[in-house]
Amino acid sequence: MAKEILIKPSLCTGCSTCSLACSMQNRGEFCPSRAHIRITKMDFEGRFEIIFSSSCRGCGICAKSCPSGAIKLIELPEAAG
Ligand code: SF4
Ligand code: SF4
């Protein structure tokens, strides 16, 4: 079944668990700066921005590790026909 990552930045707490998990899964080390996802604090808005790089493999490990539901892996129904 096809999967898609759903993003809700308003739920992000800035914990960086997603970027730690991504870097460990894809680079073999806990190093958020080498992850395919970046969490940036928007100082004036008081919230966090979630950005996926073009190198993201779509593995979903970041979504599975997010404790707040800010990124979620959802299963898409098969297209009819
Ligand atoms: S879906 Fe992309 S950003 Fe998330 S863990 Fe996989 S490669 Fe990293
Ligand atoms: S998206 Fe989830 S795991 Fe990543 S920093 Fe925000 S709350 Fe933490």
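Numbering follows my numbering, in which position 74 of the sequence shown is assigned residue number 1493; successive positions increment by one, without gaps. We put the CB at the ideal spot given by N, CA and C, even for glycine. Computed from a predicted structure; not experimentally measured.
*Excluding the five sequence neighbours on either side, which residues of its own chain have a C-beta within less than 6 Å of the C-beta of Ile1493, listed in chain order?*
Closer than 6 Å at Cβ, skipping near neighbours: Glu1423, Leu1425.
_In this structure, how does DSSP classify Leu1425 when only helix, strand and coil are distinguished?_
The answer is strand: DSSP assigns Leu1425 an E or B state.
*Excluding the five sequence neighbours on either side, which residues of its own chain have a C-beta within less than 7 Å of the C-beta of Ser1474, listed in chain order?*
The answer, listed in chain order, is His1455.
*Verify whether the separation of the beta carbon atoms of Ala1440 and Leu1495 is less than 8 Å.*
No, these two residues do not count as a Cβ contact at 8 Å.
*asked:* Since Ala1482 and Leu1430 should fall inside the 8 Å C-beta cutoff, what is the C-beta to C-beta distance between them, to a whole number of angstroms?
replied: Wrong, their Cβ atoms sit about 12 Å apart, outside the cutoff.
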